[in-house]
Amino acid sequence: MPGHVIGGGADIATTAEAPVTASAMANQPIAFVAGMEYSDLKTVVAAKAGVKTKADLRGKRIGFTAGTGSEVYTATLLKSAGLTPKDVTLVNLRPQEMLSALAAGSIDAIDTWEPHIANAKKTLGEAAAELDTKGTYSETFNIVVMRTYLDANPALVEKFIAALIDAEVWMEAHQDEAITVVADAVGMKRDDLAPIWADYVYRVRLDDRLIEILKTHSAWRLESGNHPPGAAMPDFSKVVVAEPLKKVDPARVTLSWK
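Mapping the sequence shown onto my numbering, position 45 (from 1) lands on 48, and the numbers just tick up by one.
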């Protein structure tokens, strides 16, 4: 999506954190104007693998998806458990391939996002369990524009942000209807979406948690070599532009660097 914004094919992009860090490291003149949603990535383990804590992942085969938040989550999870990638066997799978691999016993754990986690727990029942990894790493969705576009259209960007806030407020007040609308839009069964709805945190904001996620993702890029030549940790205070959101609702901007 940011590629379309950078190339001029779109004015406003909804994007996860990976394209933001790639663009920032390539010194693209992007303006990160708001985060709008985040959800934790999660781990499901095969019950027979005997994994009760994240330290028990040592020696296990873990399914992850390279080049996505799943890879960053996996690296962050291992580090937090005092493990390195050499202490485990990492198996690169698409999220939709993970359940069958876990069921077949070719891997011991999966690191991914919803609804794949809920599907695995529902399908495998007692044969699988979710590991407590809350707060390890969240996938985010954000609003990004080019600085030239923002400079030329500040009022329009503010109106766009205001509309997102209106949608957020409506979703909170009409949760049942919101679940139905989203399930229809993404082609999911409503009964599959309803139990995991609360895992998606819809809040238009600019806060320190968001910056931490961008920094964690950038650190992973620098450690893994997945970055443009000569890249360094971006100064996100030069990438994030808080003014539009501040004008619409200043209480939603809680950055410590202000």
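All C-beta atoms in this analysis are idealised placements derived from N, C-alpha and C, irrespective of residue type, glycine included. Computed from a predicted structure; not experimentally measured.
Could you check whether the Cβ of residue i sits closer than 8 Å to any heavy atom belonging to the ligand MN?
i, result
"A104", "Among the components of this structure there are no ligands whatsoever, and the ligand MN is therefore not found."
Can you have a look at residue i and say buried or exposed, based on whether 16 or more other CB atoms are within 10 angstroms of its CB?
i, result
"W3", "The structure shown does not extend to residue 3, since the chain spans only 4 to 261, so no value can be given for it."
"S26", "buried"
"G62", "exposed"
"D211", "exposed"
"W260", "exposed"
"N30", "exposed"
"V189", "exposed"
How close, in whole Å, do the beta carbons of residue i and residue j come, if the pair is a contact with beta carbons under 8 Å?
i, j, result
"L93", "T68", "Contact flag wrong, Cβ pair sits at about 11 Å."
"P198", "S221", "Going by Cβ atoms, the distance from P198 to S221 rounds to 33 Å, so no, they are not a contact pair."
"H204", "Y76", "First, the residue type needs correcting, since residue 204 is Val and not His in the sequence shown. That pair is no contact at about 16 Å."
"D114", "L80", "7 Å"
"V148", "V160", "6 Å"
"A34", "L153", "5 Å"
"I15", "F163", "6 Å"
"R193", "M28", "Going by Cβ atoms, the distance from R193 to M28 rounds to 40 Å, so no, they are not a contact pair."
"V242", "N145", "In fact, because the Cβ distance is near 11 Å, the residues do not count as touching under 8 Å."
What residue does the beta strand (DSSP E) around residue i start on, and which one ends it?
i, result
"D114", "A112 to T115"
Taking the C-alpha atoms as reference points, what is the distance between residue i and residue j?
i, j, result
"L209", "A165", "14 Å"
"G53", "L102", "18 Å"
"V47", "A112", "6 Å"
"D187", "A123", "22 Å"
"A37", "V207", "6 Å"
"E74", "T56", "19 Å"
"A121", "T143", "19 Å"
"K137", "K250", "33 Å"
"V172", "A181", "11 Å"
"M39", "E20", "12 Å"
Compare the C-beta of residue i against all C-beta atoms of chain C and say whether one is closer than 9 Å.
i, result
"G138", "Among the chains of the structure shown, chain C does not appear; only one protein chain is present."
Tell me where the alpha helix (DSSP H) around residue i begins and ends.
i, result
"V23", "E20 to M28"
"E40", "No alpha helix (DSSP H) contains E40, which is instead part of the beta strand (DSSP E) from I33 to D43."
"K250", "E246 to V251"
### Query
Which runs of the beta strand (DSSP E) spanning at least 3 residues fall entirely within the region 131 to 160, listed in chain order?
For the region 131 to 160, whole beta strand (DSSP E) runs of length 3 or above, ordered along the chain, are 131 to 134 and 141 to 149.
### Task
Pick out the complete beta strand (DSSP E) segments inside the region 55 to 118, 3 residues or longer, and give them in chain order.
Counting only runs of 3 or more, we get 64 to 67, 92 to 95 and 112 to 115.
#### Entry: Sequence ranges, beta strand (DSSP E) only - wholly within the region 168 to 223, length at least 3
Restricted to the region 168 to 223, the beta strand (DSSP E) segments that are unbroken, complete and at least 3 residues in length are 204 to 210, listed in chain order.
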